[in-house]
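FYI, in the UniProt record's numbering the residues of the sequence shown are 1 to 260.
Cβ atoms here follow ideal geometry from the backbone N, Cα and C, with glycine treated the same way.
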Amino acid sequence: MIEILNPTLLARARGTGSLVADILQTLKSRSTIGTNLLEIDQWAKAMIVEAGALSCYVDYEPSFGRGPFGHYICTAVNDAVLHGRPYDYRLGDGDLLTLDLAVSLEGVAADAAISFVVGDARPPESLAMISATQRALAAGIAAAGPGARIGDLSHAIGGVLREAGYEINTEFGGHGIGSTMHQDPHVPNTGRPGRGYPLRPGLLLALEPWVMADTAKLVTDADGWTLRSATGCRTAHSEHTIAITDDGADILTLPTEARH
1 MIEILNPTLL ARARGTGSLV ADILQTLKSR STIGTNLLEI DQWAKAMIVE AGALSCYVDY
61 EPSFGRGPFG HYICTAVNDA VLHGRPYDYR LGDGDLLTLD LAVSLEGVAA DAAISFVVGD
121 ARPPESLAMI SATQRALAAG IAAAGPGARI GDLSHAIGGV LREAGYEINT EFGGHGIGST
181 MHQDPHVPNT GRPGRGYPLR PGLLLALEPW VMADTAKLVT DADGWTLRSA TGCRTAHSEH
241 TIAITDDGAD ILTLPTEARH
């Protein structure tokens with residue numbers, strides 16, 4: 001299903017996007033050395049409930065998972081990159097943490113992810129990888145607009161990631177979003193320009209470049225959810241929800257302070 005949102009729903013989407021971004025920034029500020037991943041999950045739950053929103057993850061049960069996800073946020077550490085299920089683990093200095101959050105508010109969902117290094121350590125390779133996903137995300141957004149096609153966004157994202165020296169996995173990528181978290185069209189992190197679904201004003205897309213340091217192969221944890229690099233290398237993931245407008249694309253998942 002591909003949804004095109006009317007102006008009323010787009011206004012709601014902006015509110016959902018700001019909520020997602022604000023929660024992620026609060027969680028980032030609280031994620032310090034010694035923080036438990038289960039604490040992060042509980043903090044996310046409290047903020048979602050307080051806002052009158054709904055988690056897109058708790059009852060999420062796609063074909064590739066094992067039963068309902070059962071948590072409010074994805075927490076992926078170091079070699080984990082996608083669908084990181086929170087567990088009893090305390091963050092250490094230099095850990096690379098990815099927080100991926102999707103919520104629904106007033107019937108419209110938004111989805112975003114951030115990767116950052118915990119503590120005072122600054123591993124150059126980790127920072128470079130995070131930067132590459134951020135630049136790829138910016139390139140994908142810059143390529144979006146009415147008349148562009150999905151392949152244009154994928155090509156822009158993939159070009160940045162390849163130039164930075166990373167292999168690209170195409171099993172998981174960006175996606176349409178609206179009344180539900182995951183919709184068509186699929187947005188691979190590499191592709192050919194001029195191909196795929198043509199973008200229209202009112203379309204919402206979640207773009208999410210992610211990479212692993214030295215491989216494109218994933219393995220699944222025993223929890224049936226968490227996806228890790230096959231070699232144990234570190235990973236990074238950046239994501240925004242955007243709305244296609246009459247003259248380009250609007251980033252919905254910016255923190256409130258960044259909008260002023």
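- Under the DSSP assignment, Val-160 falls in the alpha helix (DSSP H) whose first and last residues are 150–163.
- The shortest C-alpha to C-alpha distance from Gly-158 to any of Ala-139, Arg-149, Gly-147, Phe-172 is the one to Ala-139.
- Contact between Arg-14 and Glu-106 is absent: CB atoms are separated by about 11 Å, not below the 8 Å threshold.
- For Thr-220, the enclosing beta strand (DSSP E) has its first and last residue at 218–220.
- Of the residues Val-219, Asp-223, Ala-243, the one whose Cα lies closest to the Cα of Gly-232 is Val-219.
- A distance of 8 Å or more separates the beta carbons of Val-118 and Ser-126.
- For Pro-185, the uninterrupted beta strand (DSSP E) run begins and ends at 183–187, by DSSP.
- By DSSP's assignment, Asp-100 forms a beta bridge with Cys-74, Ala-113.
- A direct Cα-to-Cα measurement between His-240 and Asp-250 gives close to 10 Å.
- Inclusion of Glu-3 and Gln-134 in the CB contact set at 8 Å is not warranted, their separation being larger than that value.
- Spanning the alpha carbons of Leu-101 and Gly-84 requires a straight line of approximately 11 Å.
- Between Trp-225 and Asp-246, the alpha-carbon positions lie close to 38 Å from each other.
- Within a 10 Å sphere around the beta-carbon of Pro-209 sit 16 or more other beta-carbons, which makes this residue buried.
- Here Val-187 is not near Gly-178, since their CB atoms are 8 Å or more apart.
- Comparing C-alpha distances from Asp-59 to each of Ala-53, Leu-153, Ala-51, Pro-68 shows the shortest one belongs to Pro-68.
- For Ile-73, the closest of Val-20, Arg-122, Gly-92 by C-alpha to C-alpha distance is Val-20.
- Counting along the chain, Arg-228 sits inside the beta strand (DSSP E) bounded by residues 227–229.
- Around the beta carbon of Arg-200, fewer than 16 other beta carbons lie within 10 angstroms, which makes this residue exposed.
- If you ignore the 5 residues before and after Leu-10, its C-beta comes within less than 7 Å of the C-beta of Gly-202, Ala-243, all in its own chain and listed in chain order.
- The C-beta of Asn-6 has fewer than 16 other C-beta atoms within 10 Å across all chains shown, which makes the residue exposed.
- Each of Pro-124, Glu-61, Val-108, Asn-78 was checked against the Cα of Gly-92, and the nearest Cα belongs to Asn-78.
- When the alpha-carbon of Ser-55 is set against those of Pro-62, Ser-63, Ala-46, the nearest one is in Ala-46.
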